[in-house]
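Residue numbers (the working numbering), protein chains in the order written: chain A, 11 to 547; chain B, 22 to 307; chain C, 14 to 330; chain D, 235 to 724. Here a beta-carbon is modelled for each residue, glycine too, at the ideal position from N, C-alpha and C. In this text the structure is predicted, and so the values were computed from the model without any measurement.
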Amino acid sequence: MPLLDVQNLNLSIHGVEILRDVNLSVERGQVVAIVGESGSGKSMTSGAVIRLLPEGADVTGSIWLNDQEIGSMSEKEMCTVRASDIGMVFQEPMSALNPVETIGAQVMEAINFSEPGLSRGEVRQRAELALTRVGLPVERFPLTTYPHKLSGGQRQRVVIAIAISQKPALLIADEPTTALDVTTQAKILNLLKKLVDQDNMGLLLISHDLAVVAEVADHIIIMKDGRIIEQGGGKGFFDNLQHEYSKALFAAARKQREEKFIKDGEDTILEVKKLRKDYQIGRKKMLRAVNDVSFSIRKGENIGLVGESGCGKSTLSRCILGLEDFQGGEIYIAEKKFNGEKRLRRHISVVFQDPYGSFNPRHTVGRLVSEPFYLLDDQPRPDQAREQVCEMLVRVGLTEADIDKYPHEFSGGQRQRIAIARALITNPDVILLDEATSALDVLIRDQILKLLSRLSRELDISYLFISHDLTTVKNITDRILVMKDGTIVEEGRTIDIFARPTHPYTKSLLDASPDINKVIAAETVDRTRENPNENIF
Amino acid sequence: MKLPLNFIIGAILTTIFLCMALLSLVWTPYDVTALEIADKFQAPNIDHWFGTDHFGRDVFSMIMIGARNAVMVSLVAVGIGMLFGVPLGLYAAAARMNGGNLIDEILMRGNDLIFAFPSLLMAIMITAVFGPGAINAIIAIGIFNIPVFARMTRGGALGLWSREYIMAARVCGKGSMRISFEHILPNIANILIVQATIQFSIAIIAEASLSYVGLGTQPPDPSLGRMLNEAQTMIFFAPWLAFVPGGAIVTMVLGLNLMGDGLRDILDPKLRQRKAREMEASNAAS
Amino acid sequence: MGHYILKRLLSLVLTLLVATVVIFVMIEVVPGDPAAYMMGLSGSTEATEALRSELGLNMGAWDRYISWITGMIKGDFGTSYTYRVPVSDLITDRTLVSVPLTIYALILSTIIAIPVGVISASRRGGFLDTLLMGAAQVGVAIPNFWFAILMVLFFSTSLRWFSAGGFPGWDAGFLECLKALTLPAISLALPQAAILARVMRSSVLEVMNEDYIRTARAKGLSKGQALMRHGLRNALIPVLTILGLQFSFLLAGGIIIESIFSLPGLGRLVFQSIAQRDLIVVKSIVTLLVLAVVVITFVVDLLYAAVDPRLREGKRM
Amino acid sequence: MRIILCSVFMFFLFPLNIWADGINVGLQLEPPNLDPTSGAAAAIDEVVYGNIFEGLVRIDQNGEVIPGLALFWELSSDGKSYIFHLAEGVRFHDGTDFTADDVRFSFDRARAANSTNAKKYIFAPIANIDIFDDYTIMITLDRAHPDFLFNIGLGDAVIVASESAATNAINPIGTGPFRFKRWVRGDRIELIKNNTYWGAQARLDWATFKIITDPLSAYTAMMAGDIDTFPNYPAPENLFLFDRDPAFEVVVGLTAGETILATNNKKTPFDNILVRKAIAHAINRKELIDGAMFGNAQAIGTHFAPNHPDYVDLTALYPYDLNKARGYLREAGFPNGFKASLKLPPPIYARRTGELVANQLSRVGIHLEIENMEWAQWIDQVLRNRNYDLTVVSHVEPMDINIYANPNYYFGYDNADFQKIISDIDKNGNAAGRAALYKEAQRKIAEDAVNGFLFQLGKYGVWKRGVKGMWRNYPIRSNDLRDVYIEDNG
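Here it is as structure tokens:
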């Protein structure tokens, strides 16, 4: 009898069907991963298990935990189950902790609820233990620390500490690393895995990224549209995938870059020389966000700028876009010194990360896409503009009919296409892609990347592709700049970087970034439970 | 889309009063400037729905005109507030976004200064300086509406300035004023509308208070506040004189507030966002 | 934090200084001569002149401003034209009525509003919620002076529970005064309570959507426990602001209420002083009220910091 | 031991005593200060006159001059010099003795250049003051002033002590039957019986003047029993409620307040007598009295108190007649009337009357723009700068018809004949002659329709049954409580 056994679970919210007879089980010490894109219902599955669902949820089917049917329990009984049997880790570490309570208090509260009647001292010890186990030793992180003092990764550790402090049989982790940097992500995943092994818990790991879970999961469940379409584990699971969707997902995850001929001797169209940007923080403190960064882009060349959050890459991009002034260095666009001139702006355009935030909700696609015409000295007549917009829309894979729609009528992927159309409309030389695909589901991301590489070939334009994720960049760029703490630590051809990274940071990034190919490779050899970096404290 | 109930009720009440006010421009049951001492203190009856006052005036007619005056004063006052407050707020936000923190600071401190003054008291002072009357009541109330809108606009604008579509517009080389009016104003319009209705209702109470202390609309023009004041001593033998105008004010303000809430439910992007967030939470990973 | 406080204090002083200028100028342009007012219909001109000089009204504007400011800094607010007693004495007497009244009203509105807000938030959309919020809507819409009249009518005239007005003075005993202040406090509190309840409700709803509430639930806390242990404290943050605003509003906003219940409060004093052109009293009181507002906002900010550790480093949100 | 018992006894007795031997008097306007010799606020006299302060002579509730601190006096044949024989053994409340020096001090103080006495003119005629002995003093005038005796009976001429004169504003020290106890500003003024009073002791142990500005709370306070008597109840409209309540007594008397539609005789078109006559005819006094005063006032046709023996009823001189009014207007060249402003001071009577007057005049095409203003503004604009067309106000000074003789007064009425009449009155010693002249004066201003003469302001006394001895009339603004007592539960 497994630890958790979900039998034909159906869920609908306000009558809308979310889950359709879901069956899954988790053994003690086993890591079960649910993978699927947005709206596949993977989070709702976990929500149904711990029974934290939005209003109007209606669940049928049976959920067995430790041989007791928790699906039919009263809310009151459920509270005790949550307190002692199930622990949960959420996606948003930044907001998952009460900002006005110390981490100690929040962990101790959990313990009090799981085991009432412990003496204050015992509770305290247990809390310290839990925090130490997740890598927050009391010496450096006293119980009286407030959440806002901690980084995202550390907060996530606190959340995990809260979960394990209750000694749960089952641990549910809902996208626990999606909001975190690659290196942190790896650490958190390993931490979870380690804890599962140590306490012999069952772990139900939810993620949108096959590659992420492939390394840690014993058993993988692929969901789509509220149904489980494929599940399995162990050797050869990937080799004999049945369902088209899962195949595609797999392909997307492991796809190798099709080589692209890199031209030489092209004239440089963007050059950054010793750029320096400082931020005033507090009275006298200075933060150097960008530190003497220099690089150049030649026509048609695609450059990747990779670094973790806070490394200064977005600041750098804002400087290049002329959205921020900078203290030192120069930027040359088409050999001319650039600080905000309109006529130079037209050579460079941008696609932002957030497909929701990057359009004025009150403007039609037509108006949005034609906004950059403002840069031109001789602005096209309305009908011309419309014409151009139409063909651009078609070019990026939308239809002419879309021109009069409003952004909210489109999906995330389509929006990015619109954004690309807007970026191309004044046919610039460089497009700055700021995390342009990070917010998208794996398959969609893949499509957008395809589109981008196609366009760069057709129009012979260059990209400056800014991302936190090496794998994304890998498939579209010719050269990569690795950025850390405001400086570029390594620069080189993409292939070389991936083949033999020289800088340790680059190495760690590569190790950390989840790569399904490694798993496959590993599988062919005898599978080892050994983790690349065990010592995560 | 289905309109929320509070909006419907509010809208109905408000329209009723607006219609009464407009109607009073062309017609009232009785002439309120003609005093007929002979038929004073008539309890509500067929001829005089809300009775007559100590000068024999028809209370219903007075309510109609009083409502009109209240609406007029409040509208203009709020208008003033928006006219000055909104551009101020937009400017402050734009300034802050373009490194002009000092300008922003000064403007906002100025706001705080106005806020720091006890509003009713200042209104009384102002009317004491320039003499009582509708115009000065308007000015007095209007001044205190400016910072309200300035703050609200600035807050909303600051929120938007960090949005990516604003950056996109800036990448297109658009100036901050252009952006303010092309991108920001339309996107905060709804919260401003909501606030306007709220301020409107507040203004009506303020006008009532001012004319209650005799500083609002002047006789022979009827005003709800002064009607209440005059009714005070007669409340013991002619209660309707106090209940009717009071009720009128309450229903008027109630209507506006309900409508404001309704509008917020319909328009407020913050709320919509939260709804969206809940939705996503319920059927998506993020 | 210390540096932050210092900065705030500085801007506080600055605001006050500007305020005094504004007030003084305003007072200067107020038409009507106190001396003439006191001399009345049959006052002879030379007598009036004599009085003017006695009141020090024929000094230059600048000199009067300076002497006023320096005086205030020394705690000497000058002598009331009409009452002929130190303004500071007048103000202290009246403050001993107005401030207790304000606090009384605030306490009332808070103890009404907080539970109402929480209840209707937790019963969101339910019958009780609709009922309470409907009531709140009406409460907001009622002009407090009208409400006051109705209450006088009902409690004093019909039921004769409370005396119609007046203030016995604190030496008459605490309970007596409390009784005298009850009706006014209620009529002040009701609309404020209505507003506060609405704010409380929405902020509780806001908070209940936060992730950390979900975390708490996952710990095994029931909805109620999660609200009480994690929601409330966070929900109270916006409420603090409103409370601060209301205190200053009530302090000055009592004018009409005070006269309806013939309470010797600040509001009435200043109103009467405006009418009698006892301008020295007017400007001092207005200045003090402004001071009160500024100080209260300051205190509220400090309270924020107390409630919200994120602000302790002086980070502003 | 006995002391303790005693005090306990007292403790139980005390509250009873309060109700038995004291009285709560309602007052609508709070006096700005308590010094009647400075400033003009009627509210001061309403508290202190006859209670705390006394003059050489007193004015009783019928406006008669009766002995005050001067027990009797002799008037020289030329009517110039008075010899006052002062009461002996009189002490001020601070224990200092009252002597002729105090009289001289008080009068000199009032006459002084830097005097802030609102009625300085009273003392202007004083040529010199001779003290024969501590209790005999002679005051010599530049010439005969028959009004002098009455005038020194006014609150502005009360006798103050040199020691306390400066502080009377906040701590009044007089010779009266009550002494000042304390003043809770904005709420009440407490007086207690002066046990060392030189004359007939007051019958009350204490008297508290409660300030009740709001007419609503005036009513509720009476009803709730917080107040025993309201000498001048602010809301005539609900007098009838008390009238039909057996617990109360309503006594409508008269004040010296002639309520007039004051007219700026220097300003066109009001400088034209035809226009003023038209206005006179357009005014319907009955409607005013019913509408504004709810019937509680007496119509007047000239500027004179109806209860005065010399009063002439001239209300019929210009009867309410719209046709006549229109006729005069046509004659004056305003066939379809004109526009003018009507500036109204705060008192409710003025506001109500004003609204009605405006309405009445509009019937003949005279359209008045009403401007409500505070006293300060009114005094500034109307009284001092004569920047007005019409206003409604009540002149509460007794025997003040002489103001019409002052061409610089705000009416701007400059008429030689009338001025002669007044100066004759001033000189004329013989009572009958004076009476005749007063009558003539009344006719003169009535015929010239200097102002619209509307009604005599009533004094609306409301008190619990059993409260006796309150003044019926206000010949001067005073609530002299020396004879007041509470009949039952005494």
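Subject >> Selected residue, minimal CA-CA separation from P157/A, among L190/A, G131/A, T112/A and L141/A >> reply: Residue mapping note: residue 157/A aligns to position 147 of the first sequence, counting from 1. The residue with the shortest Cα to Cα distance from P157/A is T112/A.
**OP:** Determine whether the Cβ of G267/B lies closer than 8 Å to any Cβ atom of chain C.
**Re:** For the purposes of this step, residue 267/B is taken as the residue at position 246 of the second sequence. At least one chain C Cβ lies under 8 Å of G267/B.
Original post:
Helix, strand or coil: how does DSSP classify K444/D here?
Top reply: On the fourth sequence, position 210 is the one that residue 444/D refers to. K444/D falls in the strand class under three-state DSSP.
Subject >> Closest by C-alpha distance to G459/D, when choosing among K698/D, N713/D and F504/D >> reply: Position 225 of the fourth sequence, counting from 1, holds the residue named residue 459/D. Ranking K698/D, N713/D and F504/D by Cα distance to G459/D puts K698/D first.
**OP:** Look at the alpha carbon of W417/D and the alpha carbon of D286/B, and state the distance between them as a whole number of angstroms.
**Re:** As a first step, residue 417/D must be located in the fourth sequence, where it is residue number 183. As a first step, residue 286/B must be located in the second sequence, where it is residue number 265. Answer to the nearest angstrom: the Cα atoms are 56 Å apart.
Original post:
Between V98/C and chain D, is there a C-beta pair that is closer than 8 Å?
Top reply: Numbered from 1 along the third sequence, position 85 holds the residue referred to as residue 98/C. Closer than 8 Å: yes.
Original post:
So with Cβ pairs under 8 Å, would you call L213/B a contact of chain A?
Top reply: As a position in the second sequence, residue 213/B is number 192, starting the count at 1. Not flagged as an interface residue toward chain A: L213/B, since no C-beta distance is shorter than 8 Å.
Original post:
Where does the unbroken beta strand (DSSP E) through E149/A begin, and where does it stop?
Top reply: Here residue 149/A is taken as the residue at index 139 of the first sequence, counted from 1. Per DSSP, E149/A belongs to no beta strand (DSSP E) and is neither H nor E.
**OP:** Give me the Cα-Cα distance between R167/A and Q195/A, rounded to the nearest whole angstrom.
**Re:** Numbered from its first residue, the first sequence carries residue 167/A at position 157. Numbered from its first residue, the first sequence carries residue 195/A at position 185. Roughly 11 Å separates the two Cα atoms.
Original post:
K444/D: which of N466/D, I407/D and R338/D sits nearest, CA to CA?
Top reply: For the purposes of this step, residue 444/D is taken as residue 210 along the fourth sequence, with counting starting at 1. Of the candidates N466/D, I407/D and R338/D, the one whose C-alpha sits nearest the C-alpha of K444/D is N466/D.
Original post:
Exposed or buried, A429/A, counting other C-beta atoms within 10 Å across all chains shown (16 or more means buried)?
Top reply: Taking the first residue of the first sequence as 1, we reach residue 429/A at position 419. A429/A should be labelled buried.
Subject >> Closer than 8 Å at the beta carbon, the chain C residues around M146/B >> reply: As a working note, residue 146/B is residue 125 in the second sequence. Within 8 Å Cβ-Cβ: M39, V43, I287, V295 and V299.
Original post:
Nearest-angstrom Cα distance between N350/D and V31/C?
Top reply: Along the fourth sequence, read from residue 1 onward, the residue named residue 350/D stands at position 116. Along the third sequence, read from residue 1 onward, the residue named residue 31/C stands at position 18. The amino acid occupying residue 350/D in the given sequence is Thr; Asn does not appear at that position. Taking the straight line from one Cα to the other gives about 36 Å.
Original post:
Is it right to say N278/B is buried, meaning 16 or more other beta carbons lie within 10 angstroms of its own, or is it exposed?
Top reply: Residue numbering aside, residue 278/B sits at position 257 when the second sequence is read from its first letter. Burial of N278/B is indicated by the presence of at least 16 other C-beta atoms within 10 angstroms of its C-beta.
**OP:** Evaluate the contact criterion for the stretch 380-394 of chain A versus the stretch 354-366 of chain A: three or more CB pairs, one atom per stretch, below 8 Å.
**Re:** Segments in contact, yes.
Original post:
From M41/B to N166/B, what does the alpha carbon distance come to, in whole angstroms?
Top reply: What you label residue 41/B is simply residue 20 of the second sequence in a count that begins at 1. What you label residue 166/B is simply residue 145 of the second sequence in a count that begins at 1. Cα atoms of M41/B and N166/B: separation of roughly 26 Å, rounded to the nearest angstrom.
Subject >> Beta-carbon spacing of M280/B, G31/B below 8 Å >> reply: Along the second sequence, read from residue 1 onward, the residue named residue 280/B stands at position 259. Along the second sequence, read from residue 1 onward, the residue named residue 31/B stands at position 10. Taking 8 Å as the cut-off, the Cβ atoms of M280/B and G31/B count as close.
Subject >> Interface positions of the stretch 185-208 of chain B facing chain A (Cβ-Cβ less than 7 Å), listed along the chain >> reply: Listed in sequence order: E185, Y186, M188, A189, A190, R191, V192, C193, G194, K195, H204, P207 and N208.
Subject >> Backbone CA spacing between Y552/D and G686/D [nearest angstrom] >> reply: Within the fourth sequence, residue 552/D is the residue found at index 318, counting from 1. Within the fourth sequence, residue 686/D is the residue found at index 452, counting from 1. Roughly 10 Å between the two C-alpha positions.
**OP:** Output yes if chain C places a C-beta closer than 8 Å to the C-beta of N278/B; else output no.
**Re:** Residue mapping note: residue 278/B aligns to position 257 of the second sequence, counting from 1. Taking Cβ atoms only, chain C reaches closer than 8 Å to N278/B, which makes this a yes.
**OP:** For D76/C, count neighbouring C-beta atoms within 10 Å of its own C-beta (all shown protein chains included) and say buried if the count is 16 or more, exposed if not.
**Re:** Here residue 76/C refers to the residue found at position 63 of the third sequence. Classification of D76/C: exposed, given that the 10 Å Cβ count is below 16.
**OP:** Could you check if F336/A is buried or exposed, using at least 16 other CB atoms within 10 Å of its CB as the buried criterion?
**Re:** Sequence index remark: in the first sequence, residue 336/A carries index 326 (1-based). F336/A comes out buried.
**OP:** Report yes if the C-beta distance between R345/D and I360/D is below 8 Å; otherwise report no.
**Re:** As a working note, residue 345/D is residue 111 in the fourth sequence. As a working note, residue 360/D is residue 126 in the fourth sequence. R345/D places its beta carbon less than 8 Å from that of I360/D.
**OP:** Residues of the stretch 167-191 of chain C with a CB closer than 7 Å to any CB of chain D: list them in chain order, please.
**Re:** Those residues of the stretch 167-191 of chain C that come within reach of chain D (Cβ to Cβ, closer than 7 Å) are S169, T170, R173, S176, A177, G178, G179, F180 and G182.
Original post:
Helix, strand or coil for V192/A per DSSP?
Top reply: Here residue 192/A corresponds to residue number 182 of the first sequence, with the count starting at 1. It is helical.
**OP:** Kindly say whether N247/C, judged by its beta-carbon, lies nearer than 8 Å to any beta-carbon of chain A.
**Re:** The residue labelled residue 247/C in the question sits at position 234 within the third sequence. Chain A contact via Cβ: present.
Original post:
Which class does Q295/D belong to by DSSP, given the choice of helix, strand or coil?
Top reply: The sequence position of residue 295/D within the fourth sequence is 61, counting from 1. Q295/D falls in the coil class under three-state DSSP.
Original post:
Any C-beta of chain B sitting closer than 8 Å to the C-beta of Q259/C?
Top reply: Looking up residue 259/C in the third sequence gives position 246. Look at Q259/C: its C-beta is not under 8 Å from any C-beta on chain B.
Original post:
From what residue to what residue does the alpha helix (DSSP H) around D286/B run?
Top reply: The residue given as residue 286/B occupies position 265 in the second sequence. Counting along the chain, D286/B sits inside the alpha helix (DSSP H) bounded by residues W261 to L288.
**OP:** Taking the CB atoms as reference points, tell me whether P47/C and R290/C lie closer together than 8 Å.
**Re:** Here residue 47/C is taken as the residue at index 34 of the third sequence, counted from 1. Here residue 290/C is taken as the residue at index 277 of the third sequence, counted from 1. The Cβ-Cβ distance between P47/C and R290/C falls below 8 Å.
**OP:** Please name the residue in A639/D, N662/D and N664/D whose C-alpha comes closest to that of T652/D.
**Re:** Taking the first residue of the fourth sequence as position 1, residue 652/D is located at position 418. One point to set straight first is that residue 652/D is Phe, not Thr, in the sequence displayed. The shortest C-alpha separation from F652/D is found at A639/D.
Original post:
Closest Cβ-Cβ distance between W609/D and chain C: below 8 Å?
Top reply: Here residue 609/D is taken as the residue at index 375 of the fourth sequence, counted from 1. At least one C-beta of chain C is nearer than 8 Å to the C-beta of W609/D.
Original post:
Counting only beta-carbon atoms, is I223/B nearer than 8 Å to chain D?
Top reply: If you number the second sequence from 1, residue 223/B lands on position 202. So no, I223/B is outside the interface.
**OP:** Following the continuous beta strand (DSSP E) through S217/A, name the residue where it begins and the one where it ends.
**Re:** Stepping through the first sequence from its first residue, residue 217/A is reached at position 207. Annotation: the continuous beta strand (DSSP E) that includes S217/A extends over G212 to S217.
**OP:** Could you pull out every residue in the same chain whose Cβ sits closer than 8 Å to the Cβ of P438/A, ignoring the five residues on either side in sequence?
**Re:** As a first step, residue 438/A must be located in the first sequence, where it is residue number 428. Once the five neighbours on either side are set aside, the close Cβ partners of P438/A are R356, H357, I358, S359 and I471.
**OP:** My understanding is that I498/A touches F305/A, with C-beta atoms under 8 Å, so please give their C-beta distance in whole angstroms.
**Re:** The sequence position of residue 498/A within the first sequence is 488, counting from 1. The sequence position of residue 305/A within the first sequence is 295, counting from 1. Right, the Cβ-Cβ distance comes to about 7 Å (below 8 Å), so this counts as a contact.
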